[in-house]
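Participant: I have a structure I would like to understand better, so I am pasting it below and will then ask my questions one at a time.
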Amino acid sequence: MKLAPAAWIVTTCVLSPALTAPPARAADPQDGLWRGQAGASLNTTTGNTSTQNLLLNLDLSRQTVDTKLSLVGAVTEGQSRVEGTSTTTAGKWALDGQYDHNITADWFGFAKLGVEHDRVTDLSLRTLVGTGLGHHWVKTPQHTFDVYGGASRTLARYGQQQLIDGRLQSSFATTSVIVGENSAHQLTETVSFNQRLEAYPAVSGTKNTQAKLNAGLTVSVTRTLSLNLGLIQTYNSEPAQGTRMLDSTFFTGINVKLGP
Numbered sequence: 001m002k003l004a005p006a007a008w009i010v011t012t013c014v015l016s017p018a019l020t021a022p023p024a025r026a027a028d029p030q031d032g033l034w035r036g037q038a039g040a041s042l043n044t045t046t047g048n049t050s051t052q053n054l055l056l057n058l059d060l061s062r063q064t065v066d067t068k069l070s071l072v073g074a075v076t077e078g079q080s081r082v083e084g085t086s087t088t089t090a091g092k093w094a095l096d097g098q099y100d101h102n103i104t105a106d107w108f109g110f111a112k113l114g115v116e117h118d119r120v121t122d123l124s125l126r127t128l129v130g131t132g133l134g135h136h137w138v139k140t141p142q143h144t145f146d147v148y149g150g151a152s153r154t155l156a157r158y159g160q161q162q163l164i165d166g167r168l169q170s171s172f173a174t175t176s177v178i179v180g181e182n183s184a185h186q187l188t189e190t191v192s193f194n195q196r197l198e199a200y201p202a203v204s205g206t207k208n209t210q211a212k213l214n215a216g217l218t219v220s221v222t223r224t225l226s227l228n229l230g231l232i233q234t235y236n237s238e239p240a241q242g243t244r245m246l247d248s249t250f251f252t253g254i255n256v257k258l259g260p
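Numbering (UniProt numbering), first residue to last: 1 to 260.
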């Protein structure tokens with residue numbers, strides 16, 4: 001019996017594929033200066049199946065005593081080739097911004113805006129606006145833990161009509177509740193862990209529930225470079241026809257520090 005040749009990994013070069021995950025640092029100085037990370041990830045395999053995946057990301061935040069402004073952007077591109085036929089496996093970009101303002105030492109208000117485009121699911125543009133209140137349960141130089149809730153409005157436009165929640169149309173509007181939590185932990189001088197979990201159960205419009213999980217473990221190598229291990233999961237109870245409810249991405253990489 002003749003065995004098919006195995007697929008060989010030709011090259012793997014990774015620089016911070018953090019996507020929408022927040023920076024892995026417990027507490028930034030409250031000096032009003034921009035800080036963050038940026039990077040790129042390139043993964044190529046050949047054999048029975050050839051694949052190419054590229055990820056670019058930017059994550060910045062600016063913090064003062066009473067306010068915090070965060071910007072997160074990501075671009076994901078992927079292709080696979082089987083027996084001469086190429087298929088686009090990823091073609092997505094996303095940009096999110098959030099403004100937090102401390103009302104008291106323990107409570108804060110927030111407003112957020114997000115835009116997203118995905119060629120694979122034929123999503124022309126998804127826009128989300130939201131606002132709400134949050135509570136600082138833990139806020140120390142080594143550990144932070146916040147919980148928050150509010151309301152959001154999402155408008156999704158597709159290039160062609162999609163069957164979602166029993167309706168065939170090209171645009172969908174949803175009003176949802178926001179429920180979320182996030183934490184960051186400086187475990188040692190060189191090791192940190194951060195995670196964020198958000199859920200958006202719909203209360204009107206398209207009756208779907210969306211959820212996002214981001215988690216990352218970071219080990220500092222130099223003042224500007226660190227090794228990163230992370231997981232990103234997204235869930236949509238009413239996905240576009242032909243797509244799955246749960247999408248998971250596991251990544252490793254090298255983060256590049258931005259700012260002082």
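Yeah, the Cβ is synthetic: ideal placement off N, Cα and C, and Gly gets one too.
Using three-state DSSP, classify ILE66 as helix, strand or coil.
Facilitator: Position 66 of the sequence shown holds residue 66. The question names Ile, yet the displayed sequence has Asp at residue 66. ASP66 carries a coil assignment under DSSP once its states are collapsed to helix, strand and coil.
Participant: Looking only at its own chain, which residues have a Cβ that is under 6 Å from the Cβ of LEU168, when we skip the five neighbours before and after it?
Facilitator: Locating residue 168 in the sequence shown gives position 168, where the first residue counts as 1. Correct list, in chain order: GLN161.
Participant: May I have the straight-line CA-CA distance separating PRO239 from ASP146, to the nearest angstrom?
Facilitator: Here residue 239 is taken as the residue at index 239 of the sequence shown, counted from 1. Here residue 146 is taken as the residue at index 146 of the sequence shown, counted from 1. When rounded, the distance between both Cα atoms is 29 Å.
Participant: Name the DSSP beta bridge partners of GLN160, please?
Facilitator: Locating residue 160 in the sequence shown gives position 160, where the first residue counts as 1. For GLN160, which the question treats as bridged, DSSP gives no partner whatsoever.
Participant: Determine the extent of the beta strand (DSSP E) in which GLY230 is found, giving its start and end residues.
Facilitator: Counting from 1 along the sequence shown, the entry for residue 230 is found at position 230. Here the beta strand (DSSP E) through GLY230 covers 225 to 236.
Participant: Looking only at its chain, what residues have a beta carbon closer than 6 Å to the beta carbon of LEU246, apart from the 5 residues adjacent to it on each side?
Facilitator: Residue mapping note: residue 246 aligns to position 246 of the sequence shown, counting from 1. Here the set comprises TYR235.
Participant: What residue range does the beta strand (DSSP E) around ASP96 cover?
Facilitator: Here residue 96 corresponds to residue number 96 of the sequence shown, with the count starting at 1. 85 to 102 is the span of the beta strand (DSSP E), which, as asked, contains ASP96.
Participant: Leaving out five residues on either side along the sequence, give the residues of the same chain with a beta carbon under 8 Å from the beta carbon of LEU258.
Facilitator: Mapped onto the sequence shown, residue 258 falls at position 258. Within the same chain, LEU258 has close Cβ partners TRP34, ARG35, GLY36, GLN37, ALA38 and LEU60.
Participant: So which of ALA90, ASP31 and THR89 has the shortest CA-CA distance to VAL65?
Facilitator: Taking the sequence shown and counting its residues from 1, the one referred to as residue 65 is at position 65. Among ALA90, ASP31 and THR89, the Cα nearest to that of VAL65 is on ASP31.
Participant: How should VAL72 be labelled, buried or exposed, when 16 other C-beta atoms within 10 angstroms of its C-beta is the threshold for buried?
Facilitator: Here the question's residue 72 lines up with position 72 in the sequence shown. VAL72 is buried by the Cβ-count criterion.
Participant: Based on the DSSP output, what are the partners of GLU77 in its beta bridges?
Facilitator: As a working note, residue 77 is residue 77 in the sequence shown. Per DSSP, LEU54 and GLY91.
Participant: Which first and last residues belong to the beta strand (DSSP E) in which GLU189 is found?
Facilitator: In the sequence shown, residue 189 corresponds to position 189, counting from 1. Careful: GLU189 lies outside any beta strand (DSSP E) and carries neither H nor E.
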